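Okay, so here's the structure we're looking at.
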Amino acid sequence: MLHRLIVILAICSAGFSGILQGQTITVKASKNKVAEGEQFQLTYIVEGSLSDFKEPSLKDFIKLSGPNQSTSVQIINGTMSQTMSIYYFLAARKEGLYTIGPASATVNGKKTESPSIKIEVEEGNLGQSYNGNNYSQQQQVNPPNNTYGNNRQNYNRNSQEQNAAAAQPPSKDYFIRYSVDKTKAYVGEQIALSIKLYTRVEVRGPDDFSFPALDGFWKYDVPKTSQIKRSKETIDGVSYTVYVIFENFLFPQKSGTLTIDPASIKCRVLQPRPSSGNWWEDFMNSGMAQEVSVSLKTQKLEFDIQTLPEENKPVDFSGAVGQYTMKTEISREQLRTDEALNIKLTVSGNGNLKLMDAPRMEIPEQLELLEVKTTENVGVSSIGVSGSKVFDYPVVARMEGNSVVPATSFNYFDPEKKEYVALPTPDFKIKVEPGKAAEGPQVNNYNTPKQEVQVKEDIRHIKTGAVELAATSPVFGSPGFIIALILPALLFILLLVLKRRREKAQADVEGTRRRMAGKSAKQHLAAAEQSLKTAKHDTFYEEVLRAVHGYLTDKLQMQTGDFSHERIREALLERNAKNETIHALLEVVSACEYARYAPPAESNSPQQTFDKATACIETLESEIS
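This is how it looks when you write it as structure tokens:
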């Protein structure tokens with residue numbers, strides 16, 4: 070009986086330990102005892118989906134590098150799992166016993182913390198130490214095992230099969246290659262890049278995957294799936310099973326020869342056992358295979374990136390490259406003074422949509438153009454980066470009369486045609502009629518009937534006799550006279566100051582946007598609340614996300630394509646926002662982004678998201694300097 074109880078407790082403890090382990094961040098140091106100035110490595114490891122990582126205070130150490138990110142991918146029966154590592158290279162400042170506090174993060178949707186770790190710093194020199202002269206050599210320290218890359222994770226995908234040259238594999242039975250759809254492209258042109266594993270034997274892993282940093286490219290990751298993509302290919306008459314390890318789309322940002330260094334992979338392959346020299350052992354082990362760890366490596370990849378041609382280049386070309394179409398709309402063509410209309414340009418297609426600027430539109434002096442609003446709907450799939458970008462031009466009528474908004478065009482470069490393409494808009498003819506304020510006051514004419522005048526009642530007799538006059542103080546020099554003399558001058562000075570402040574505010578466009586950021590966000594939240602009341606959840610989450618993105622754009626001058634969680638965190642920390650507020654705001658963004666793709670039953674409470682978004686905006690208004 071006691072034996073059975075022990076077994077049951079052991080099983081329960083193991084299961085409970087596994088649960089805790091799935092929610093715990095592991096921390097380790099390459100050395101727990103170092104000398105003053107000696108370099109060591111601090112690593113945080115977690116299995117599963119990691120987000121909102123908050124590093125501990127490292128003020129007692131010199132941060133040489135970090136946070137760097139690396140990932141290990143394991144493929145078992147076609148199912149992929151990953152382990153994320155975040156690591157730092159540090160150097161000890163001075164002698165003492167130091168405790169590095171816990172780091173926190175959201176793992177698989179649950180908040181968790183790592184344990185603390187103690188580092189003992191001794192006087193003297195136990196090993197290589199840090200100084201300004203040898204730092205560049207110390208940067209060559211290898212990253213931790215199971216890395217995807219150093220500082221950036223860039224794994225790439227392609228739809229066509231123009232393969233880059235492969236490294237000489239240790240065996241023709243298994244090797245890896247870069248695969249790209251082109252090696253010669255224009256600046257801003259989309260390039261599909263993937264890494265493939267070719268094998269004729271059973272392969273397990275990969276246990277370690279290292280991908281170099283991309284210099285000179287803007288990248289988009291293809292969303293990962295649990296099932297790895299597998300196919301068959303024949304090379305030189307030999308059939309291989311092909312696994313696509315990673316897929317990305319790249320957009321070169323500069324011309325010249327751009328190089329991507331080799332990627333490497335460690336995995337395990339099953340091979341026949343070699344002869345032991347003993348016939349009996351060889352006979353008994355015949356038909357059995359052994360697992361061997363191998364390292365595979367691609368060759369480096371070079372791209373010839375050409376500048377966009379100057380011939381026939383439009384004056385207002387803003388750098389858009391790809392294939393696009395454009396749709397134009399105007400809300401109305403007849404309105405009164407001080408009323409508004411909206412001109413909408415919708416650009417759709419394939420290419421670097423996030424880097425696209427709004428086309429310039431000339432507005433006649435009778436009209437006033439307010440701030441252009443930009444809305445993105447960009448997605449990444451196995452066929453590339455595509456979607457649409459909407460530009461709203463709000464226009465207010467200031468003077469009556471007929472006016473024309475002249476035609477403009479959206480210009481882009483088509484790399485397939487190798488020429489610039491202009492998508493023109495029509496002329497917008499607008500008729501402005503006088504508003505209510507311009508119609509003038511109405512004069513009413515009333516006819517009063519003639520009435521009989523009563524003497525001594527309606528007309529009084531003129532008084533006769535002496536009249537006594539009382540002496541009064543002179544008006545000149547009196548307080549009322551002085552006030553009446555000074556008041557116009559004070560009012561003139563006040564109006565002049567207000568006028569100059571208004572002109573300064575109008576000239577300071579960014580300052581005005583910062584001041585109005587909170588008000589603009591609340592307007593979007595009010596629209597979101599209205600959508601919530603009418604159960605339009607898709608519109609609700611779009612308005613909340615628009616409120617947050619608009620607030621960050623106006624308040625922090627963030628670019629539209631810069632709304633990654635890490636960039637938002639950095640920008641808010643630079644403006645002295647608190648970590649709690651930043652975390653809450655990122656939860657709102659995640660909830661909105663998730664709700665746009667998740668079924669209604671799986672999404673968070675809309676009311677809770679609305680309340681949290683409202684609280685975050687109000688708190689940031691008081692926190693941001």
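Residue numbers (our numbering): 70 to 694.
C-beta: ideal position from N, C-alpha, C; glycine also.
Please read these numbers as outputs of a predicted model, since none were measured by experiment.
Classification of K624 by the beta-carbon crowding that lies within 10 angstroms, buried from 16 upward: Result: buried.
Short Cβ contact (7 Å threshold) for I374 with V256: Yes.
Close Cβ partners of L319 (< 6 Å) along its chain, the five nearest in sequence each way excluded: Excluding residues within five positions, the ones whose Cβ falls inside 6 Å are I260, L262, F286, K288.
Between the CA atoms of V176 and S183 - distance to the nearest angstrom: C-alpha separation (whole angstroms): 11 Å.
Short Cβ contact (7 Å threshold) for Y267 with A172: Between Y267 and A172, the C-beta spacing is not below 7 Å.
Residues near V617 by beta carbon distance below 7 Å, same chain, minus five either side: Closer than 7 Å at Cβ, skipping near neighbours: L654, V657, V658, A682.
Three-state secondary structure (DSSP) of E445: Shown here, E445 sits in a strand according to DSSP, grouped into three states.
8 Å contact criterion, which R405 and P503 should meet: CB distance rounded: Indeed, because the Cβ distance is near 7 Å, the residues count as touching under 8 Å.
Cβ neighbours of K442 in the same chain (closer than 6 Å, five flanking residues each side left out): Result list for K442: D461, in chain order.
Reduced DSSP category for G619 - H, G, I as helix; E, B as strand; rest coil: Correct three-state label for G619: helix.
Status (buried if at least 16 other CB within 10 Å, exposed otherwise) for N317: Its Cβ being crowded by 16 or more others within 10 Å, N317 is buried.
Alpha helix (DSSP H) segment containing P495, residue limits: In the DSSP assignment, P495 falls outside any alpha helix (DSSP H), carrying neither H nor E.
Nearest residue (CA-CA) to T310, options K366, E408, Y243: That would be Y243, whose Cα lies nearest to the Cα of T310.
DSSP three-state assignment for F280, whether helix, strand or coil: If DSSP states are grouped into helix, strand and coil, F280 belongs with coil.
6 Å CB neighbourhood of Y204 in its chain, flanking five on each side removed: Bear in mind that a pLDDT of 34 at Y204, under 50, signals an unreliable position, so the number given afterwards is only what the model happens to contain. Residues of the same chain with a CB within less than 6 Å of the CB of Y204, apart from the 5 flanking positions on each side, do not exist.
E635 - containing beta strand (DSSP E), residue span: Careful: E635 lies outside any beta strand (DSSP E), inside the alpha helix (DSSP H) at 634 to 643.
Boundaries (first-last residue) of the alpha helix (DSSP H) holding P675: Counting along the chain, the alpha helix (DSSP H) containing P675 begins and ends at 675 to 692.
E715 versus V465: straight-line alpha-carbon distance, rounded: Shown here, the chain extends from 70 to 694; a query on residue 715 therefore has no answer.
Alpha-carbon spacing of K573 relative to L563, whole angstroms: Straight-line Cα distance between these residues: approximately 15 Å.
Bridge partner(s) assigned by DSSP for S120: BP columns for S120 point to T175.
N-terminal and C-terminal residue of the beta strand (DSSP E) that S248 is part of: Note, S248: beta strand (DSSP E), 243 to 249.
C-beta contact flag for A160 and G106 at 7 Å: For A160 and G106, yes; Cβs fall inside 7 Å.
Given A664 as reference, the closest of T252, T608, K265 once Cα atoms are compared: Of the listed residues, the one whose Cα sits closest to A664 is T608.
Buried versus exposed call for D680 [16 or more other C-beta atoms within 10 Å across all chains shown]: D680 comes out exposed.
Environment of D305 [buried if 16+ CB atoms lie within 10 Å]: Counting every other CB atom within 10 Å of its CB across the protein chains shown gives D305 a total below 16, marking it as exposed.
C-alpha distance - V696 paired with F482, whole-angstrom precision: The chain is shown only over 70 to 694; residue 696 falls outside these bounds and no answer can be derived.
F372 and L327 closer than 7 Å at C-beta: With contacts defined by Cβ atoms closer than 7 Å, F372 and L327 form a contacting pair.
Given 8 Å, three or more beta-carbon pairs between the stretch 452 to 460 and the stretch 411 to 428: Short answer: they touch.
Buried/exposed call for E649, threshold 16 Cβ in 10 Å: Around the beta carbon of E649, a 10 Å sphere encloses fewer than 16 other beta carbons of the protein chains shown; the residue is thus reported as exposed.
Selected residue, minimal CA-CA separation from Q296, among L567, D129, F315, Q368: Distance from the Cα of Q296 is smallest, within the candidate group L567, D129, F315, Q368, for F315.
Selection from Q435, P136, D250 that minimises the alpha carbon distance to R467: Selection Q435, P136, D250 evaluated against R467 yields Q435 as nearest (Cα-Cα).
Residue interval of the alpha helix (DSSP H) (run including S703): A query on residue 703 cannot be resolved here, the shown segment of the chain reaching from 70 to 694 and no further.
Own chain partners of I651 with C-beta closer than 6 Å, once the 5 adjacent residues on each side are dropped: Excluding sequence neighbours, I651 sits near R638, L641.
6 Å CB neighbourhood of T494 in its chain, flanking five on each side removed: Close CB contacts of T494 within its chain, under the 6 Å cut and outside five residues either way in sequence, are with T397, A476, T477 (chain order).
Q592 in three-state terms, based on DSSP: Taken through DSSP and simplified to helix, strand or coil, Q592 comes out as helix.
Simplified DSSP assignment, three categories, for K602: When secondary structure is reduced to three states using DSSP, K602 falls in the helix class.
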